[in-house]
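In numbering that gives the first Met the number 0, the protein residues as written are 0 to 330.
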Amino acid sequence: MSQKIGQRVFSGIQPSGAVHLGNYAGAIMNWVRLQDLTDCYFSIVDYHAMTLPYQPKDLRDRVYLAAVDLLACGVDPDKCHLFLQSAVPEHTELAWILSCTAPMGELSRMTQFKEKSERASSVNVGLFTYPVLQAADILLYRADSVPVGEDQLQHLELTREIARRFNHTFGPVFPEPQPLLTSAPRIMSLQDPTAKMSKSVPGSAIMMGDEEAVVTKAIKRAVTGMGEPNETPPGVTNLLTLLEVCQRADLAQQFRADQEDGTIRYGDLKKALTEALLEVLRPIADRRRQLLAEPQRVHEILGDSAVSVRRLAKEVIAEVRDAVGLNAQPA
Ligand code: AQP
């Protein structure tokens with residue numbers, strides 16, 4: 000890996016389902032851009048995927064498929080560290096230490112916890128403390144910047160608060176990381192454009208590995224008709240944003256003008272978006288197919304990165320142990 004100077008970046012993705020267009024537009028596009036600019040740590044955060052009910056075999060498969068999707072989208076292991084969270088157990092050690100300074104009241108205000116616990120049949124402690132583990136993920140690498148979608152801003156603000164409290168109590172160990180948003184930080188569900196596109200809400204997303212016919216059908220069925228009179232319906236705004244994600248700002252601008260003067264035809268917008276999306280997805284699908292034929296290579300990429308990443312994690316955790324008064328050195 001070439002030597003790089005400058006800021007350190009951390010970001011993660013849960014292997015809780017296939018990678019979708021929202022993940023791509025809100026985070027992964029930025030990962031691919033940033034890996035050429037600075038020192039990047041990108042993680043498949045499998046500990047996080049344990050917070051909702053799952054089958055162990057599914058988790059293993061999803062980790063592998065998440066790695067395939069990320070590599071196919073252009074995350075390049077020669078330019079960044081791409082690793083599995085559970086290969087670096089220091090994440091959970093730091094999460095415990097941070098949980099002893101994390102403010103309970105603020106954790107209970109996290110909207111993602113409220114939303115997910117409303118949908119879950121039973122709520123575990125991990126779902127509640129998830130943002131502390133997320134803070135540990137970021138702070139373990141002393142990341143300065145975190146490319147995320149808008150839905151993660153609240154968690155990131157909590158991470159900053161946790162870092163501040165820790166530094167105040169035990170001395171300056173962590174930077175306060177800043178969020179990095181793309182120009183499409185919140186892609187909405189195609190079925191309900193008032194809710195975000197999400198892996199765990201069936202029918203809300205286009206997955207990066209979807210067949211062309213599936214993509215075409217999903218756009219055709221996308222909801223366009225809701226919203227306030229005289230305002231662009233949120234479903235239409237979402238489709239226009241997706242056109243921009245596909246580098247077709249020119250078309251988006253044209254359709255926006257048509258919307259304003261009342262001449263827009265949603266069928267034409269959907270057709271243009273389908274073509275633009277398929278242009279973006281086709282090379283990703285080709286790389287995906289190649290990677291799926293080489294499972295060993297994908298596992299090796301994750302394994303190789305974990306070794307170098309753990310070196311930094313051990314350094315930081317040793318400093319944290321020292322700062323908080325845990326003097327024993329792990330055997
Ligand atoms: N709809 C979205 N628009 C823009 N960005 C998004 N992200 C997620 N959904 C959107 C960003 O993608 C990165 C990885 O997210 P994640 O998988 O770690 O968790 P999540 O935010 O909880 O994503 P999902 O798809 O909604 O997963 P489930 O359904 O399992 O909770 C993050 O940077 C996120 O902001």
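All C-beta atoms in this analysis are idealised placements derived from N, C-alpha and C, irrespective of residue type, glycine included.
Alpha carbon of residue i to alpha carbon of residue j, nearest angstrom
| i | j | result |
| --- | --- | --- |
| Leu-139 | Tyr-53 | 27 Å |
| Val-323 | Leu-126 | 26 Å |
| Ser-199 | Lys-216 | 20 Å |
| Pro-76 | Leu-239 | 32 Å |
| Lys-313 | Ser-85 | 14 Å |
| Met-28 | Ile-205 | 16 Å |
| Glu-348 | Ala-142 | The question about residue 348 has no answer, for the chain in this structure spans 0 to 330. |
| Lys-269 | Tyr-63 | 32 Å |
| Gln-289 | Ile-186 | 28 Å |
| Pro-282 | Gly-73 | 10 Å |
| Arg-7 | Val-31 | 14 Å |
| Leu-241 | Gly-21 | 9 Å |
| Ser-304 | Leu-81 | 6 Å |
| Thr-168 | Arg-220 | 54 Å |
| Glu-293 | Gly-202 | 30 Å |
| Lys-195 | Ala-330 | 45 Å |
| Arg-320 | Gly-170 | 12 Å |
| Met-0 | Arg-296 | Because the pLDDT at Met-0 is just 43, under 50, the model does not fix this residue reliably, and the point stays unresolved. |
| Arg-59 | Leu-83 | 11 Å |
| Glu-175 | Phe-165 | 11 Å |
| Thr-231 | Ala-251 | 13 Å |
| Arg-118 | Ala-26 | 24 Å |
| Gln-133 | Glu-259 | 42 Å |
The alpha helix (DSSP H) enclosing residue i, as first and last residue numbers
| i | result |
| --- | --- |
| Asp-257 | 248-259 |
| Phe-127 | 124-138 |
| Asp-321 | 294-323 |
| Leu-268 | 265-291 |
| Gly-236 | It should be noted that the sequence gives Thr, not Gly, for residue 236. Per DSSP, Thr-236 belongs to the alpha helix (DSSP H) from 233-244. |
| His-47 | Note, His-47: premise wrong, no alpha helix (DSSP H); not H, not E. |
| Ile-27 | Taken as a continuous stretch (DSSP letters only), Ile-27 belongs to no alpha helix (DSSP H), as it is neither H nor E. |
| Gly-104 | 103-106 |
| Val-214 | 211-220 |
| Gln-34 | Where Gln-34 is concerned, there is no enclosing alpha helix (DSSP H), given that its DSSP letter is neither H nor E. |
| Leu-97 | 89-98 |
Endpoints, beta strand (DSSP E) assigned at residue i
| i | result |
| --- | --- |
| Pro-178 | 177-179 |
| Phe-173 | Counting along the chain, Phe-173 falls outside any beta strand (DSSP E), and DSSP gives it neither H nor E. |
| Arg-7 | 7-12 |
Own chain partners of residue i with C-beta closer than 7 Å, once the 5 adjacent residues on each side are dropped
| i | result |
| --- | --- |
| Asp-257 | Ile-263 |
| Thr-50 | Asn-123, Gly-125, Leu-126 and Tyr-129 |
| Gln-13 | Val-44, His-47 and Ala-48 |
| Pro-178 | Val-145, Val-147, Leu-152 and Leu-155 |
| Ala-65 | Ile-12, Pro-14, Val-18 and Ile-43 |
Residues bridged to residue i [DSSP beta-bridge criterion]
| i | result |
| --- | --- |
| Leu-81 | Phe-41 |
| Ser-144 | Val-8 and Gln-177 |
| Met-206 | His-19 |
| Lys-56 | None; Lys-56 has no bridge partner. |
| Met-187 | Lys-195 |
Sequence-distant residues of the same chain with beta carbon closer than 6 Å to residue i, five excluded per side
| i | result |
| --- | --- |
| Gly-11 | Ser-42, Val-44 and Asp-136 |
| Val-131 | Ala-94, Leu-97, Ser-98 and Ala-101 |
| Asn-326 | none |
| Ala-24 | Ala-183, Ile-186 and Val-244 |
| Lys-78 | Gln-34 |
Residues near residue i by beta carbon distance below 8 Å, same chain, minus five either side
| i | result |
| --- | --- |
| Glu-214 | The sequence given here has Val at residue 214, not Glu. Same-chain partners within the cutoff: Ile-205, Thr-273, Leu-276, Leu-277 and Leu-280. |
| Ala-248 | Leu-242 |
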